[in-house]
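The structure appears right after this line, and notes come after that.
Protein chains: 2
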Amino acid sequence: MEGFFNVRPVPAAREELFSHWRPEPPAIEEVPLTAAVGRVLAKPVRAQEDVPPYTRSTVDGYAVRAEDTFGATEALPALLDLVEDIRMGAVPQKRLAPGQASRIATGGMLPPGADAVVMVEHTEELDATSFAVLRPVAPGENVIRAGEDVAAGEELLPANSRLRPADIGALAALGITEVPVWRRPRVAVLSTGDEVVPPEQTPAPGQIRDSNSYSLGAAAQEAGGEAVYLGLVRDEYRAVLDGVRRGLEVADVVVLSGGSSVGVRDVAAQVLTDLGPPGVLVHGVALRPGKPVLIALCQGKPVFGLPGHPVSALVTFDLFVRPAIHRLLGLKERPRAGVRARLTRNLASAAGREDHVRVRLVETAEGFAAEPVLGKSGLLSTLVRADGTIVIPPAREGLRAGEEVEVYLF
Amino acid sequence: MEGFFNVRPVPAAREELFSHWRPEPPAIEEVPLTAAVGRVLAKPVRAQEDVPPYTRSTVDGYAVRAEDTFGATEALPALLDLVEDIRMGAVPQKRLAPGQASRIATGGMLPPGADAVVMVEHTEELDATSFAVLRPVAPGENVIRAGEDVAAGEELLPANSRLRPADIGALAALGITEVPVWRRPRVAVLSTGDEVVPPEQTPAPGQIRDSNSYSLGAAAQEAGGEAVYLGLVRDEYRAVLDGVRRGLEVADVVVLSGGSSVGVRDVAAQVLTDLGPPGVLVHGVALRPGKPVLIALCQGKPVFGLPGHPVSALVTFDLFVRPAIHRLLGLKERPRAGVRARLTRNLASAAGREDHVRVRLVETAEGFAAEPVLGKSGLLSTLVRADGTIVIPPAREGLRAGEEVEVYLF
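Below, the structure written as structure tokens:
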């Protein structure tokens with residue numbers, strides 16, 4: 001019986017691929033700004049101009065020379081002459097001389113001579129052409145200077161940034177309406193299994209519908225890739241070889257799933273070895289579920305032989321295929337966000353093995369409880385019923401009921 | 411000066427909208443399974459048949475009558491007759507009589523009479539037609555029973571489920587290749603501001619490009635909506651009225667941004683009041699940044715007047731507009747996942763006010779540190795440079811350096 005002696009820890013397995021693989025970046029495509037959220041920038045964006053392009057007020061009030069307000073109090077206000085009402089979107093016409101001020105609204109352009117804005121709440125109108133300042137302002141107060149947000153020449157976003165809503169706004173502010181992004185990496189998905197039929201077909205007795213192609217294709221999309229569905233291949237050397245070759249032709253990454261039986265796994269391992277060098281890099285990982293995963297590099301592209309059990313397939317996708325897609329996009333792995341919860345029961349694990357346990361989150365008076373959804377890794381419904389997963393690290397032999405755990409949501 | 415006395419706490423502001431609003435569900439559309447990930451199911455999915463459709467083996471080995479193996483040990487194995495090699499995807503031909511077994515691979519169909527599978531590792535082949543079992547199996551061991559994953563008639567997914575990769579796989583297993591999902595809620599986005607020009611235009615002196623329409627449109631897409639860009643409207647009653655009316659005609663939710671000056675805010679408030687009843691429900695929230703948000707219900711649809719400062723606009727979008735989009739989709743708000751980090755400096759806040767502070771995450775030997783990105787809420791670059799946000803709850807007057815905080819990633 002295969003033990004956990006000759007299998008790799010998860011990080012070492014990933015590193016084995018990453019140290020051998022020199023990914024070829026995907027092509028660059030230009031997308032409209034309105035379709036760029038979530039995409040990954042292919043080139044750094046440098047500001048060609050200042051944002052904002054002029055020094056503007058952040059409040060409603062009066063543009064002033066700050067020194068004219070120094071020492072002002074309610075008892076002894078500074079009296080200033082109003083020389084202009086600055087129109088929004090227009091250039092102020094009057095330069096401020098000492099003792100002068102202009103009325104300005106939020107977003108308005110400061111007139112020459114002004115270096116601060118007094119909020120209207122800290123003033124008192126005296127007549128049509130003069131007002132009193134009740135509190136001093138410092139130079140630069142209540143303004144955003146030209147280029148204070150982004151200065152001309154500054155790198156706003158490095159290449160390989162995943163574009164978030166704020167980044168999209170910043171690109172708009174710079175006038176960038178077509179954005180160079182990496183083409184989504186293509187992920188070819190194939191399933192093996194002589195008992196497996198496509199989902200649109202009614203299975204005959206002894207047959208079952210393909211679900212892995214669709215769950216893995218969806219996972220590839222969620223990871224920022226484009227799924228290329230190559231369908232089913234028979235469990236024999238020639239068919240698997242042809243299928244993986246087709247995948248290598250059309251895609252950047254190939255994911256083969258199925259083959260939970262030893263015979264089928266051996267066929268896949270043989271194909272991936274023959275398509276090297278280097279071929280198979282990892283055969284088995286200290287992981288549950290997902291131990292029998294195959295990781296290979298064929299013709300410069302990563303090829304994953306994921307276990308056929310649907311839960312194992314998705315767990316290994318997350319641990320190995322998703323990072324490979326991110327690497328093609330030049331994305332740094334982000335820290336993983338989780339929900340804190342108390343475990344509801346003891347969970348056993350084996351030292352040296354990383355366990356991924358599906359859980360449901362239940363709201364309690366003391367916060368969230370994480371309730372393990374137990375069941376075989378062949379049961380997709382255990383994932384459907386779960387909200388997320390917890391990880392038992394290799395150094396632990398289990399977790400205790402009541403322990404605080406981090407739940408990673410699906 | 412407007413205080414925090416007449417403003418609502420964030421949850422109360424949201425509740426004010428939700429208690430008045432009877433959302434009309436979006437239309438239903440059918441999408442192919444390969445385009446359904448992330449979409450929201452419009453109808454419950456009930457299994458029409460058992461998954462798996464037959465009792466199958468989860469290991470490579472021998473299908474047996476479990477009772478024939480009871481008491482088997484290495485010293486005293488049970489001897490069984492091999493009657494068939496079950497082909498994958500085929501129906502077994504032989505019913506097992508006592509003392510008989512059939513060879514079966516992972517995924518194979520159990521023959522009549524069998525109720526368990528012995529792993530090949532726990533057997534010893536004797537000759538072509540007989541083998542020894544070295545360990546007993548219990549009935550049901552190493553098999554997935556017909557319907558054990560999903561039983562015919564069972565509700566697999568309730569309506570309003572956001573479809574995750576595993577759910578997509580489960581739909582495939584049931585033969586569902588066209589999925590009824592809610593049309594993405596349409597979110598009309600308008601910006602006001604007489605100084606604002608579209609991003610493709612070069613701003614004249616005193617003008618600035620529209621960034622909020624694009625950051626908010628992107629946020630609407632990320633929240634599961636479809637952004638409808640209605641462009642710029644002038645800061646005057648008639649223009650804002652026409653703009654919001656257009657939004658109400660074409661969209662399910664209207665988001666107006668800009669109007670940080672009091673005059674402009676007053677115009678927006680007047681328009682939303684006139685488009686009621688009930689019109690404006692919330693005018694000001696105990697929140698920083700984002701205090702001057704307007705929440706209204708006009709002609710049965712939510713209309714949000716978000717502050718013009720770009721950071722405030724995105725913070726209020728997340729707190730009010732995103733939940734409204736989710737409500738249209740029938741989605742339950744999920745628990746929020748965060749990254750634990752230590753705050754690097756003291757942060758002051760006011761009791762009674764909810765503060766959202768942008769932070770960068772820095773990896774340290776002791777885990778992550780959260781480093782506040784300070785800067786005016788008019789500076790979009792503070793968001794671009796941040797990894798996420800931390801929340802200072804209303805009950806706190808600040809956070810201390812070294813405190814553990816939860817960082818919500820952008």
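Chains as they are written, first to last, in the working numbering: chain A, 1 to 410; chain B, 411 to 820. Glycine included, each C-beta is placed from N, C-alpha and C at the ideal position.
#1: In this structure, how does DSSP classify GLY89(A) when only helix, strand and coil are distinguished?
#2: Quick one: using the 10 Å Cβ neighbour count with 16 as the cut-off for buried, is LYS711(B) buried or exposed?
#3: Which residues in the same chain as ARG209(A) place their Cβ atom closer than 8 Å to its Cβ, once the five residues preceding and following it in sequence are excluded?
#4: Using a 10 Å radius around the Cβ and a threshold of 16 neighbouring Cβ atoms, would you call ARG336(A) buried or exposed?
#5: Write down every uninterrupted run of the beta strand (DSSP E) in the segment 598-660 of chain B whose length is 3 residues or greater and which is fully enclosed by it, in chain order.
#6: Tell me whether the beta-carbon of ALA132(A) lies closer than 8 Å to the beta-carbon of PRO77(A).
#7: Please determine, among ARG135(A), GLU16(A) and ALA170(A), the residue with the shortest C-alpha to C-alpha distance to GLY71(A).
#8: State buried or exposed for THR129(A), treating a residue as buried only when at least 16 other CB atoms are found within 10 Å of its CB.
#9: Should ARG95(A) be labelled buried (16 or more other beta-carbon atoms within 10 Å of its own) or exposed?
#10: With a cut-off of 8 Å, does the C-beta of THR177(A) fall near any C-beta of chain B?
#11: At a CB distance below 7 Å, what residues from the segment 370-391 of chain A approach chain B? Give them in sequence order.
#12: Could you tell me whether the Cβ of GLU813(B) comes closer than 8 Å to any Cβ of chain A?
#13: Would you identify the three-state DSSP class for PHE415(B), choosing helix, strand or coil?
#14: If we define contact as Cβ-Cβ less than 8 Å, is PHE820(B) a contact residue for chain A?
#15: Going by the DSSP bridge assignment, what does ASP355(A) pair with across the sheet?
#16: Listing by chain order, which chain B residues have their CB less than 8 Å from the CB of TYR214(A)?
#17: Taking Cβ positions, are LEU80(A) and GLY107(A) nearer each other than 8 Å?
#18: Which two residues bound the contiguous alpha helix (DSSP H) that contains THR683(B)?
#19: Please name the residue, chosen from LEU157(A), ARG342(A) and THR73(A), that lies closest to GLU366(A) on a Cα-to-Cα basis.
#20: Using a Cβ-Cβ cutoff of 8 Å, what residues of the segment 458-484 of chain B are near chain A? List them in chain order.
#21: VAL339(A) CB to nearest chain B CB: under 8 Å?
#22: Less than 8 Å between the beta carbons of VAL692(B) and GLU426(B), yes or no?
#23: Please list, in chain order, the chain A residues whose beta carbon lies closer than 7 Å to that of ASP765(B).
#24: For ARG162(A), which of GLY398(A), ALA138(A) and LEU331(A) has the nearest alpha-carbon?
#25: Beta-carbon of VAL262(A) versus every beta-carbon of chain B: anything under 8 Å?
#26: Going by alpha carbons, who is nearest to GLY471(B) out of GLU764(B), PRO720(B), ARG555(B) and MET529(B)?
#27: Give the residues of chain B in contact with LEU331(A), contact being defined as C-beta atoms less than 9 Å apart.
#28: Which residues in the same chain have their Cβ closer than 7 Å to the Cβ of PRO454(B), if we skip the five residues on either side of it in sequence?
#29: Are the C-beta atoms of VAL303(A) and some chain B residue less than 8 Å apart?
#30: For ILE586(B) and LEU739(B), which I take to be in contact (beta-carbon distance under 8 Å), what is that distance rounded to the nearest angstrom?
#31: Taking 8 Å as the limit between beta carbons, can you name the residues of its chain near SER102(A), skipping five residues before and five after?
#32: Would the segment 798-806 of chain B count as touching the segment 730-737 of chain B if we require 3 or more Cβ pairs under 8 Å?
#33: For ASN622(B) and GLY603(B), I'd like the C-alpha separation in whole angstroms.
#34: Over what stretch of residues does the alpha helix (DSSP H) that includes LEU724(B) continue unbroken?
#35: Checking contacts by CB at 8 Å: is LEU427(B) closer than that to chain A?
#36: Relative to the alpha-carbon of ASP167(A), which residue among ASP387(A), ASP149(A) and ARG334(A) has its alpha-carbon at the smallest distance?
Put simply:
#1: coil
#2: buried
#3: VAL196, VAL197, PRO198, PRO199, GLN201 and PRO203
#4: exposed
#5: 636-643
#6: yes
#7: ARG135(A)
#8: exposed
#9: With fewer than 16 other CB atoms across the displayed protein chains lying within 10 angstroms of its CB, ARG95(A) is exposed.
#10: yes
#11: LYS376, GLY378, LEU379, LEU380, SER381, LEU383 and VAL384
#12: no
#13: Unreliable placement is indicated for PHE415(B), whose pLDDT of 47 sits below 50; no coordinate value is reported for it.
#14: Chain A places a beta carbon closer than 8 Å to that of PHE820(B), counting this residue as a contact.
#15: ARG288(A) and ILE392(A)
#16: Those are LEU443, THR444, ILE578, GLY579, LEU581 and ALA582, listed as they occur along chain B.
#17: no
#18: It spans 672-684 - the alpha helix (DSSP H) in which THR683(B) sits, taken as one unbroken run.
#19: ARG342(A)
#20: Listed in sequence order: VAL461, PRO462, PRO463, TYR464, ARG466, THR468 and ASP470.
#21: Yes, its Cβ sits closer than 8 Å to a Cβ of chain B.
#22: yes
#23: Going along chain A, no residue has its Cβ under 7 Å from ASP765(B), so there is no contact; the nearest lies around 18 Å.
#24: LEU331(A)
#25: With respect to chain B, the C-beta atom of VAL262(A) has a partner C-beta closer than 8 Å.
#26: MET529(B)
#27: None at all; the shortest Cβ gap to chain B is about 13 Å.
#28: GLU565, LEU567, PRO568 and ALA569
#29: no
#30: At roughly 19 Å, the Cβ-Cβ gap does not stay under 8 Å, so ILE586(B) and LEU739(B) are not in contact.
#31: TYR62, ALA63, LEU82, VAL83, GLU84, ASP85, ILE86, PRO92, LYS94, LEU96, PRO111 and ALA114
#32: no
#33: 11 Å
#34: 720-726
#35: no
#36: ASP149(A)
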